[in-house]
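**Q** In this note's numbering, the protein residues as written are 11 to 188. Every residue gets a Cβ at the ideal spot worked out from N, C-alpha and C, and that includes glycine. Just dropping this structure here.
This is the structure we're talking about:
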């Protein structure tokens, strides 16, 4: 059986097929969390934002003009919801949802430094890094989600990698140890 396109699933969901919206949810949930995380910088908040974004998308599905643009439309909703939720939270609750133990091994310390470097990137740079490396999306898939071209994503990814490498070097992670 051929996999139905997002456009076909949107049309079916508009006609009352709940399982079609469930399939859209299954396909796009991880990406939605990734987009929300880029805007909110908090995993739990990102999950809440993704859930709320899907509720908004379900409610407003008839407002989507082009059914083939569902991923990009959902991405925009995720960003808006995540920013709104982040503004309503205090700064102290946004810092991290992980408490590091007093004795952190070297690998954990390096992972934490990488996480911090990713957080220091601009939102656009953080978005492409997280969607590509952590959500595993291709340039084409990221372009569909963000409403741009694969070539633009390729360029953003190159610039984001450079900035990340510079930040990691400044913080002692980019040098070769001899």
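Does DSSP put residue 189 in a helix, a strand or coil?
**A** Residue 189 falls outside the range modelled here, since the chain spans only 11 to 188, and no answer is possible.
**Q** Could you give the DSSP three-state label for residue 13: helix, strand or coil?
**A** Correct three-state label for residue 13: coil.
**Q** Could you check which residue in 177, 41, 21 and 14 has the C-alpha nearest to that of residue 138?
**A** Comparing Cα-Cα distances from residue 138 to each of 177, 41, 21 and 14, the minimum goes to 41.
**Q** Would you call the CB atoms of residue 56 and residue 92 closer than 8 Å?
**A** For residue 56 and residue 92, yes; Cβs fall inside 8 Å.
**Q** What are the boundary residues of the alpha helix (DSSP H) that includes residue 54?
**A** That run of the alpha helix (DSSP H) goes 53–69.
**Q** Could you tell me the distance, in whole angstroms, from the CA atom of residue 14 to the CA atom of residue 149?
**A** Cα to Cα, the separation comes out at about 21 Å.
**Q** Using 8 Å as the threshold, is the region 133–147 in touch with the region 39–53, meaning 3 or more CB pairs across them?
**A** Enough Cβ pairs lie closer than 8 Å, so yes.
**Q** DSSP state of residue 183, grouped into three classes?
**A** Residue 183: coil per DSSP, three-state reduction.
**Q** Between residue 85 and the rest of its own chain, which residues show a CB-CB distance below 8 Å, the 5 nearest in sequence each way excluded?
**A** Only 41, 42, 45, 155, 156 and 157 meet the Cβ criterion.
**Q** Which residues bound the alpha helix (DSSP H) around residue 132?
**A** Run containing residue 132: none; DSSP gives neither H nor E here.
**Q** By a C-beta neighbour count over all protein chains shown, 10 Å radius and 16 as the cutoff for buried, is residue 163 buried or exposed?
**A** Residue 163 comes out buried.
**Q** How would you call residue 38, buried or exposed, if buried means at least 16 neighbouring beta carbons within 10 angstroms?
**A** It is buried - the Cβ of residue 38 has at least 16 other Cβ atoms within 10 Å.
**Q** CB-CB under 6 Å to residue 22, same chain, minus the five flanking residues each way: which ones, in chain order?
**A** Excluding positions up to five away in sequence, the list reads 30.
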